[in-house]
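**Q** I have a structure I would like to understand better, so I am pasting it below and will then ask my questions one at a time.
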Amino acid sequence: MHTSIEDLVAELTTSGSETLDTDTVNQLKRRLKHDESDQAIIQTFQALQLALEKRHAQVRLSALQLANIVFCRSHQFRLLVVENLPRWFELVLGTNHKKLPAPVQYAQQLRDMAAEIYYMWVERFGNGYQRLVYGFRYLRFIEQMDFKRAVKEYKRKDPERIRARRKIRLEAQSEYLKRSLVSVQADYMRTRQSINEALDTLDNCFAILVPEIVDIFGSHGATAGTTNNDDDDGDLDEVLAIMAANRQSIDININPERVLEAEEDTENSAVFDVIRDYLRLCVQVYSPRVQIWKQKLDRIDDSAELAGLVDGLDTRISVAIEKCRDLGIDFAYMDEPRDDEEDTDEFEDAPAPVVNKQQRIRQVQQKRNSVFAMYGQQVLKQDPTYIEPSLLRDQHNHPQADIHQEEGPTNSVEAKLRETAPVVSYGADLEYWGQREVNANTTGLEIRHRFLGSARDEPMLSEAALDTLQKRAVYYQEPERKEIKACRAPLPSGRLCPRRDLVKCPLHGAIVPRDEQGQLKAGFLPEEEAEAPSSSITTAERIEDLNQNDVNALARKHQTKAKTKTKAKKPKLASTRKAKLTGIKRLQQTISRKR
Amino acid sequence: MAGTSLNSIVRSRAQGLILADTSQHQISRSVFATLALCETKRLARAHTAAIHSLSIDAVQHRYVLSTGTDTSIQLFDLESTGQINPTRCVLAGSGHTNTVTSVEWYSVDNGMFSTASLDHTVKIWDAHAMTEASQFDLECRVFSQKMSPTGAHALIAAGCESPYIRLCDLRSGAFAQSLLAHESASMSVDWSPVDAYMLASGGTDGRLQLWDIRQAGSHVCDFGNSESNTCAHDGSINGLLFTDDGQRLVSAGLDHCARVWNTASPQTPTVEIQTGAENDKPRTSTTLSTKTVEMALTTATDGTTSTKVLFIPSTSTCEVLVVDVCTGEVITRLDAHFASVTCAAWRPSFGELYTGGADSNVVAWSMREVLDSTQAALRTNAWSDSEPDDNV
Chain L
52 MHTSIEDLVA ELTTSGSETL DTDTVNQLKR RLKHDESDQA IIQTFQALQL
102 ALEKRHAQVR LSALQLANIV FCRSHQFRLL VVENLPRWFE LVLGTNHKKL
152 PAPVQYAQQL RDMAAEIYYM WVERFGNGYQ RLVYGFRYLR FIEQMDFKRA
202 VKEYKRKDPE RIRARRKIRL EAQSEYLKRS LVSVQADYMR TRQSINEALD
252 TLDNCFAILV PEIVDIFGSH GATAGTTNND DDDGDLDEVL AIMAANRQSI
302 DININPERVL EAEEDTENSA VFDVIRDYLR LCVQVYSPRV QIWKQKLDRI
352 DDSAELAGLV DGLDTRISVA IEKCRDLGID FAYMDEPRDD EEDTDEFEDA
402 PAPVVNKQQR IRQVQQKRNS VFAMYGQQVL KQDPTYIEPS LLRDQHNHPQ
452 ADIHQEEGPT NSVEAKLRET APVVSYGADL EYWGQREVNA NTTGLEIRHR
502 FLGSARDEPM LSEAALDTLQ KRAVYYQEPE RKEIKACRAP LPSGRLCPRR
552 DLVKCPLHGA IVPRDEQGQL KAGFLPEEEA EAPSSSITTA ERIEDLNQND
602 VNALARKHQT KAKTKTKAKK PKLASTRKAK LTGIKRLQQT ISRKR
Chain D
1162 MAGTSLNSIV RSRAQGLILA DTSQHQISRS VFATLALCET KRLARAHTAA
1212 IHSLSIDAVQ HRYVLSTGTD TSIQLFDLES TGQINPTRCV LAGSGHTNTV
1262 TSVEWYSVDN GMFSTASLDH TVKIWDAHAM TEASQFDLEC RVFSQKMSPT
1312 GAHALIAAGC ESPYIRLCDL RSGAFAQSLL AHESASMSVD WSPVDAYMLA
1362 SGGTDGRLQL WDIRQAGSHV CDFGNSESNT CAHDGSINGL LFTDDGQRLV
1412 SAGLDHCARV WNTASPQTPT VEIQTGAEND KPRTSTTLST KTVEMALTTA
1462 TDGTTSTKVL FIPSTSTCEV LVVDVCTGEV ITRLDAHFAS VTCAAWRPSF
1512 GELYTGGADS NVVAWSMREV LDSTQAALRT NAWSDSEPDD NV
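Okay, structure coming up:
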């Protein structure tokens, strides 16, 4: 019993962190669990009541969290809370026109959390403590509190619902696996016949083409000292075992060229054709299908039997394919389309189209132009009827390419003028330059009124309109702005001086390069060792006599001293002072209100 | 002698330490001191705004009617336990169009009830079909209405905003009498349960008057000291109740005080009960407060022969005071509402109290009850085993 309950509660509620410190909470729990006379519970309640009465939203928040923990566990505590329920409503929910204390963001959090917690209490304990239900009705109908979020959170976190959801998920999963197993089995049963047939045929073909080692053995005659007279295949292993035991060995020379009689020639072509047919089947149809089965069966646990069978098939197929490779069969023929589609009635398991998420996103982002459907596509460049809209060029950049002197300097005056004349790109003003009478009707159609008849005269452009046409707009270019530097001297409030000037700051003197802390960058200030050691701060008689540099130096010294004192930041309670309403904040507020 | 247990009272009586009537008195008190929030019975949420009036039928003591600001009238059957849903109701807005201030069962049977509302009408309803049977238009806001519990006549006394108390005759469908009662409004009326023609009325001027409607002049007397010209209450009177022997009259006022008067001697009240907190100043606002308060009394059938217990809502807190009418001492305070309590109704022979308040709840109170297993399970400690178990 080192720390009292009041101290524990005070520690927990004034920590300033979002969640309660688990060690301290456990300490408190330990104390309360073994409390026989309910004294500790009463003390906790009183300490929490005190904490809730504090005018700081963070303290109330932590107090509420702690109260929730004890409420869910102790009957006595529940009775005490239920007795004081109206006051607690006022303190954490702001009922009865009571305001929740600053800071503002924590006040809102407090209210939301209180709604959630209270709803959970009503759901769990409402049946045993009727006043909770009465309080809930009061909050909903008279104070008109919105419990929708609280209900959602409760439903989400309700352990029963979580269990139910998990159960449903597991059941669905096992259902899926069962169905998967059944489908693989059915597939296997259906195609087992044809796969085995294919593999057997292939084996026979291989046997025809490549004689067994036993036959080679048999044809060349045994050179080892075998005791056995019968030369069956089955005894071969025995023979070899006995030989190995007797440290005898057989030297077998197999001439690869001679053994592999598997070369394509007129005799073997039929066999090879058969091999090729079945090989194509194996590679294109059976092998992928078996792979898919293997994948599916991998995820199912109790499919050992079927998995074994499928594995066996897989090995046989791969061995056959290897043998075909060894035979030197070129696999390229498989890409050609077949003439006769034998397996049209058999659907092949095509792998699902893998759509890259990135591709999909890119496709969506390329929004179609509503007017020009094929805008931006590269194909259009090949279309001779398509003219790419050229970007507006800067009117001051004019292409000089076509200006060339065809006639020589026949007219010297003209030539001189040409030198000094400004070269201007063609535009409407040049088109209409010097014209006085311009036809306004550019359609070429006769203007005819229903009743009044045709126009006697052609409509002409007005003077004002013609004037505008003959003008050229010149766009002003903004000159390059020079960046005015900020003073950035350290201010006593901790900020950097924001004044901007080309030359000097009225308070801090010349504007010199400073780093992020406001310290002068090294090597800029002239050395002061030559000056008198006593700074002007001690010798100055009036403020005007103070040398700004000495003031700066002093300020720097103080700053470095202060810096060494600060330690690692630990969470503390937010300040309750209202943030100053500056002009920018006021503007933001009006904008957000209007929205 | 609060807190004396039943055992000690009986023991003292057995030893002859106290007299018979004192012990009876103490026993009743200790019984009523156990009145607490009922955990096994709960009326379902039916109102969405403040409740103004409750009425339990006088015949079977089985049905309760509740009305309030949301203009709906709900009927509950009190026989069942657990959550009681309204068996019948008049939907909000389908009957009255403004706050219903008072509801009262017909005193003879429970086939009919009457309501008064701020929409200037007093309506009579058929309880079986929950439809309106007839209506009286008073042309000003009606604050209370009551019919005589003796059943000798079918007159409804309606206290409304005008200085007249109007008696509505059910038999003829017209107004029988108008009594010029108070200067401005009469907030509450009550008939004597003994004399069929005696009526008490209290108004916003603080005067409490007794009427005999058979007489020509009607006015019998004014309660309160007529020599010094003080009224019965400093503020307006917003609740009146006769005891069932007709000898006492309880009046509750907005001056945070309830007075018990002897009808035989109207000069001074016999008992004064503080209904507000100690430092509360009497509400002397000029605006008319429409808050009537309904009190409840235990009856002779409750078996508490010598004690009459009054249940009166407090004016400043959300409590209901349980008061001994003869002595004026507060037996206990019932605190479960979240806003001010406006009405109380006692269910005789069952020992249950129902209170309605501005927080839209009708709360049930009872004296002794047995919790079922699930409730008892909830009301235990639940420290989990995984929690640390050190004795540090």
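Those protein sequence lines, which keep their order, are chains L and D.
Here our numbering is used: the first residue of the first sequence is 52, the next is one more, and so on.
Here our numbering is used: the first residue of the second sequence is 1162, the next is one more, and so on.
Even glycine gets a Cβ: it sits at the ideal position worked out from N, Cα and C.
Measuring CB atoms only, is the segment 1507 to 1516 of chain D touching the segment 147 to 156 of chain L, in the sense that at least three cross pairs come out at less than 8 Å?
**A** no
**Q** Check each candidate in D/G1396, D/A1361, D/E1200 and D/T1478 and name the one with the smallest Cα separation from D/R1540.
**A** When each option's Cα is compared against that of D/R1540, the closest is D/E1200.
**Q** In whole angstroms, give me the CA-to-CA distance for L/S55 and L/T146.
**A** L/S55 and L/T146 have their C-alpha atoms some 32 Å from each other.
**Q** Thinking L/L112 and L/M171 are a contact (beta carbons under 8 Å), I'd like their distance in whole angstroms, please.
**A** With 8 Å as the limit, L/L112 and L/M171 do not qualify as a contact, their Cβ atoms being about 16 Å apart.
**Q** When you compare the CB positions of L/Q109 and L/A625, do they come within less than 8 Å of one another, or not?
**A** yes
**Q** When the distance is taken between beta carbons, is D/D1485 closer than 8 Å to D/T1460?
**A** no
**Q** Between L/R243 and L/I351, what straight-line distance do the alpha-carbon atoms span, to the nearest angstrom?
**A** 20 Å
**Q** Which one of D/M1348, D/L1239 and D/L1198 has the shortest CA to CA distance from D/E1530?
**A** D/L1198
**Q** So which residues of chain L does D/T1604 contact, with C-beta pairs closer than 9 Å?
**A** This structure cannot speak to residue 1604 of chain D, because chain D is shown only from 1162 to 1553.
**Q** Output needed for D/A1543: all residues of its chain with C-beta closer than 8 Å, excluding positions within five of it in sequence on either side, in chain order.
**A** none
**Q** Would you verify that the beta carbon of D/T1209 is, or is not, closer than 8 Å to some beta carbon of chain L?
**A** yes
**Q** Identify every run of the alpha helix (DSSP H) within the segment 57 to 143 of chain L, keeping only runs that are complete inside it and at least 4 residues long; order them along the chain.
**A** 73 to 84, 90 to 104, 108 to 122 and 126 to 134
**Q** How many angstroms separate the CA atom of L/Y337 from the CA atom of L/Y239?
**A** 11 Å
**Q** Does L/R507 come out as helix, strand or coil in the three-state DSSP assignment?
**A** coil
**Q** Going by DSSP, which residues form a beta bridge with L/H500?
**A** L/G504
**Q** Taking CB distances under 8 Å as the criterion, tell me whether D/C1479 reaches chain L.
**A** yes
**Q** Out of D/C1329, D/L1236, D/D1238 and D/K1284, state which residue places its alpha-carbon closest to the alpha-carbon of D/H1257.
**A** D/K1284
**Q** Helix, strand or coil, according to DSSP, for D/K1452 in the structure here?
**A** coil
**Q** Mind listing the chain D neighbours of L/S125? Cutoff is C-beta to C-beta under 9 Å, in chain order.
**A** N1542, A1543 and W1544
**Q** Which residue or residues does DSSP assign as beta-bridge partners of D/D1373?
**A** Beta-bridge pairing by DSSP links D/D1373 to D/M1359.
**Q** Using a Cβ distance threshold of 8 Å, determine whether the segment 1239 to 1256 of chain D contacts the segment 1274 to 1291 of chain D, with at least three qualifying pairs required.
**A** yes
**Q** What is the DSSP secondary structure of D/P1427, counted as helix, strand or coil?
**A** Looking at D/P1427 - three-state DSSP - the assignment turns out to be strand.
**Q** Just the Cα atoms here: how many angstroms apart are D/V1553 and L/V60?
**A** The predicted position of D/V1553 is uncertain, since its pLDDT is 33 and thus under 50; a value taken from the coordinates is nonetheless stated next. The alpha-carbon atoms of D/V1553 and L/V60 are separated by roughly 17 Å.
**Q** Could you tell me the boundaries of the beta strand (DSSP E) in which D/K1202 lies?
**A** K1202 to L1204
**Q** Applying a beta-carbon distance threshold of less than 8 Å, which residues of chain L neighbour D/R1494?
**A** Correct list: empty, because the minimum Cβ distance to chain L is about 12 Å.
**Q** Output the boundary residues of the beta strand (DSSP E) element that contains D/I1245.
**A** G1243 to I1245
**Q** Taking the C-alpha atoms as reference points, what is the distance between D/L1242 and D/T1516?
**A** The residue you asked about is not Leu; residue 1242 of chain D is Thr in the sequence shown. For D/T1242 and D/T1516, the distance between alpha carbons rounds to 17 Å.
**Q** Identify, in the order they occur along the chain, each residue of the same chain with its Cβ nearer than 6 Å to the Cβ of D/S1347, setting aside the five sequence neighbours on each side.
**A** G1320, I1326, S1362 and G1364
**Q** So D/T1230 and D/A1207 are supposed to be a Cβ contact under 8 Å. How far apart are they, rounded?
**A** That belief does not hold up - the Cβ atoms of D/T1230 and D/A1207 are roughly 13 Å apart, past 8 Å.
**Q** Is D/N1522 close to chain L, meaning its C-beta is less than 8 Å from at least one C-beta of that chain?
**A** yes
**Q** Let me confirm a value: D/W1372 is counted as buried when at least 16 other C-beta atoms fall within 10 Å, else exposed. Which label applies?
**A** buried
**Q** One question on the structure: do L/V322 and L/K345 come within less than 8 Å of each other, judged by their Cβ atoms?
**A** no
**Q** What distance in whole Å lies between the Cβ atoms of D/A1318 and D/L1328, which are believed to be in contact at a cut-off of 8 Å?
**A** 6 Å
**Q** Decide if L/P656 is buried, meaning its Cβ has at least 16 other Cβ atoms within 10 Å, or exposed.
**A** A question about residue 656 of chain L goes unanswered here, because the residues of chain L that appear run from 52 up to 646.
**Q** Between L/T75 and the rest of its own chain, which residues show a CB-CB distance below 7 Å, the 5 nearest in sequence each way excluded?
**A** Within the same chain, L/T75 has close Cβ partners L59, E62 and L63.
**Q** For D/E1513, which residues does DSSP report across the bridge?
**A** D/E1513 pairs with D/R1508 and D/S1527.
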